[in-house]
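Residue numbers for the sequence shown follow the numbering used here, beginning at 43 and rising by one. So the structure is just underneath, and the comments pick up after that.
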Amino acid sequence: MNVRSNKSEQHYYTVTYVRQKNQVALIEQRLLPHKFSIIRTQSYPETAKAITDMIVRGAGAIGATAAYGYAQGLNEFQGRDKRAFHRHEKRVFTTLAEARPTAVDPVNAMVQIRLELKQYQSIGEKQDQAVRLAEDFARANIAECRSIGKHGAGLINEGTRILTHCNAGWLAFVDYGSATAPMYAAQEEGKSFHVYCDETRPRSQGASLTAWELAQQGISHQIIADNAAGHLMQRGMIDLVIVGSDRTLAQTGEVANKIGTYTKAVLAKRHRIPFYVAIPLSTLDWDTPRGLDIPIEDRGDEEVCGAWGITPSGRRSYVRVANPSSSALNPGFDVTPPELITGIITPIGIIRPKQLMKHRTALT
Ligand code: MRU
43 MNVRSNKSEQ HYYTVTYVRQ KNQVALIEQR LLPHKFSIIR TQSYPETAKA
93 ITDMIVRGAG AIGATAAYGY AQGLNEFQGR DKRAFHRHEK RVFTTLAEAR
143 PTAVDPVNAM VQIRLELKQY QSIGEKQDQA VRLAEDFARA NIAECRSIGK
193 HGAGLINEGT RILTHCNAGW LAFVDYGSAT APMYAAQEEG KSFHVYCDET
243 RPRSQGASLT AWELAQQGIS HQIIADNAAG HLMQRGMIDL VIVGSDRTLA
293 QTGEVANKIG TYTKAVLAKR HRIPFYVAIP LSTLDWDTPR GLDIPIEDRG
343 DEEVCGAWGI TPSGRRSYVR VANPSSSALN PGFDVTPPEL ITGIITPIGI
393 IRPKQLMKHR TALT
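Here is the structure:
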């Protein structure tokens, strides 16, 4: 995506790998929209921590970060002992997989690389190929997001008013985004439309990240409080909902996404508003049998009890809002059942949630 500053416009990917230094470069998303900066992780534990701390976040972006972190970790190994390398590989995999539990993309990315690496014998070959495969994963992520855009653009007409939740945009992937991809494609086709960004408490990814992205892209938008969507729907002000997903169960068509998505899907059904979920292939979970089995991340009190922002001097700072002696419950994601979902926008086309399994060959 192009980022505008006073003087220029420059294209950035959310995550890249610096081969000569074995570093992973990440846009520091906790500082956006106030400050644009890039950080570089020096080791795989640091990369895992960047995922946990949400320097990088969003299913596709943490998928690519885990892929690069995995390659980074394998390249940190020194020596010739194959058994020691094998133990090291397991540690790298587990550390990155456990960094955040709900999104399936990191595990899918690393499993894919791990399988491919089996054909290479020497440690050196595995180290080199891991980098190539991580780069392939990131490239595929970009291409898939572009295809999502192509398939989803037809849902948007001149004047369509779209609601989106959280940030399933460029920052949540390597480039282009999933839920935003149809918007960017529709814009490229010359259509004008309006986007309502749910602010998405408790962390406000909609207000901070999606709104910033849409502003960079010159797309008409407004931030709404999470509680405003029902009112807008009742007044006929929303025509279409498009959200992303952190894990979509192929067996049932259930969709895990940022907390509050389920509420919006219930509201959309009540008001007969089409509700779409946009996903790349790495978000599909072919194994988990029920939504109830999806691990839902608990992010602790802090996000609910207050807010992070930037002081006038540019320092990242936290303000407590809630009653000091109260605690909070903070499930980061919820699960939307398939009967509330009109369609899943995938890189191969729009599919009904319960039909995903039928399209397995094309989707893998
Ligand atoms: O907690 P986050 O910010 O990593 O949450 C992920 C999300 O941004 C959303 O759930 C998003 O809609 C799906 S990720 C493409």
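No residue lacks a Cβ here, since even glycine has one placed at the ideal position from N, Cα and C. Owing to the predicted nature of the structure, the values given are computational and were not obtained by experimental measurement.
Cβ-heavy atom distance, residue i to the ligand MRU, below 7 Å
| i | result |
| --- | --- |
| residue 247 | yes |
| residue 270 | no |
| residue 374 | yes |
| residue 408 | The chain is shown from 43 up to 406; residue 408 falls before or after that span and cannot be answered. |
| residue 239 | no |
| residue 95 | no |
| residue 340 | no |
| residue 100 | yes |
| residue 208 | yes |
| residue 48 | no |
| residue 299 | yes |
| residue 178 | no |
| residue 285 | yes |
| residue 288 | yes |
| residue 139 | no |
| residue 214 | yes |
| residue 220 | yes |
Bridge partner(s) assigned by DSSP for residue i
| i | result |
| --- | --- |
| residue 350 | 360 |
| residue 238 | 205 and 264 |
| residue 53 | 44 |
| residue 65 | 60 |
| residue 392 | 387 |
| residue 155 | Residue 155 pairs with nothing; no bridge assigned. |
| residue 82 | 67 |
| residue 377 | 298 |
| residue 320 | 387 |
| residue 340 | 373 |
| residue 144 | Residue 144 pairs with nothing; no bridge assigned. |
| residue 290 | 297 and 326 |
| residue 282 | 204 |
Cβ distance (whole Å) where residue i is taken to contact residue j below 8 Å
| i | j | result |
| --- | --- | --- |
| residue 371 | residue 386 | With 8 Å as the limit, residue 371 and residue 386 do not qualify as a contact, their Cβ atoms being about 29 Å apart. |
| residue 333 | residue 290 | With 8 Å as the limit, residue 333 and residue 290 do not qualify as a contact, their Cβ atoms being about 10 Å apart. |
| residue 105 | residue 89 | In fact, because the Cβ distance is near 13 Å, the residues do not count as touching under 8 Å. |
| residue 258 | residue 238 | About 18 Å; that fails the 8 Å criterion. |
| residue 271 | residue 216 | So it is not a contact: roughly 29 Å between Cβ atoms. |
| residue 60 | residue 54 | Residue 60 to residue 54, Cβ: 14 Å. No contact. |
| residue 144 | residue 390 | About 24 Å separates the two Cβ atoms, so there is no contact after all. |
| residue 214 | residue 101 | 6 Å |
| residue 206 | residue 285 | 6 Å |
| residue 267 | residue 378 | Actually they are not in contact, since the Cβ atoms of residue 267 and residue 378 sit about 21 Å apart, beyond 8 Å. |
| residue 380 | residue 400 | So it is not a contact: roughly 13 Å between Cβ atoms. |
| message | Quick test of the definition: if touching needs 3 or more C-beta pairs under 8 Å, does the region 199–211 touch the region 246–258? | response | Look at the beta carbons and you see the region 199–211 touching the region 246–258: at least three pairs across the two are nearer than 8 Å.
| request: Examine the Cβ distances between the region 187–194 and the region 150–158 and report whether three or more of them are shorter than 8 Å. | output: Touching, no, given that fewer than three Cβ pairs across the two stretches are closer than 8 Å.
| field | the region 139–152 in contact with the region 352–364 per 3-pair CB rule at 8 Å | value | The region 139–152, when compared against the region 352–364, does not touch it at the 8 Å Cβ threshold.
| request: Count the C-beta pairs between the region 218–228 and the region 320–327 that are closer than 8 Å, then say yes if the count reaches three, no if not. | output: The region 218–228 vs the region 320–327: in contact.
| task | Say whether the region 271–282 touches the region 62–74, bearing in mind that this needs 3 or more beta-carbon pairs closer than 8 Å, one atom from each stretch. | result | Taking 8 Å as the limit for Cβ pairs, the verdict is that the region 62–74 does not touch the region 271–282.
| said: Within 8 Å, do at least three Cβ pairs link the region 227–241 to the region 191–208? | reply: These segments touch.
| said: For the pair the region 117–132 and the region 159–167, tell me if three or more CB-CB distances fall below 8 Å. | reply: A contact exists between the region 117–132 and the region 159–167.
| query | With contact counted as at least three CB pairs below 8 Å, one residue from each stretch, are the region 117–124 and the region 163–178 in contact? | reply | Yes: at least three Cβ pairs fall under 8 Å.
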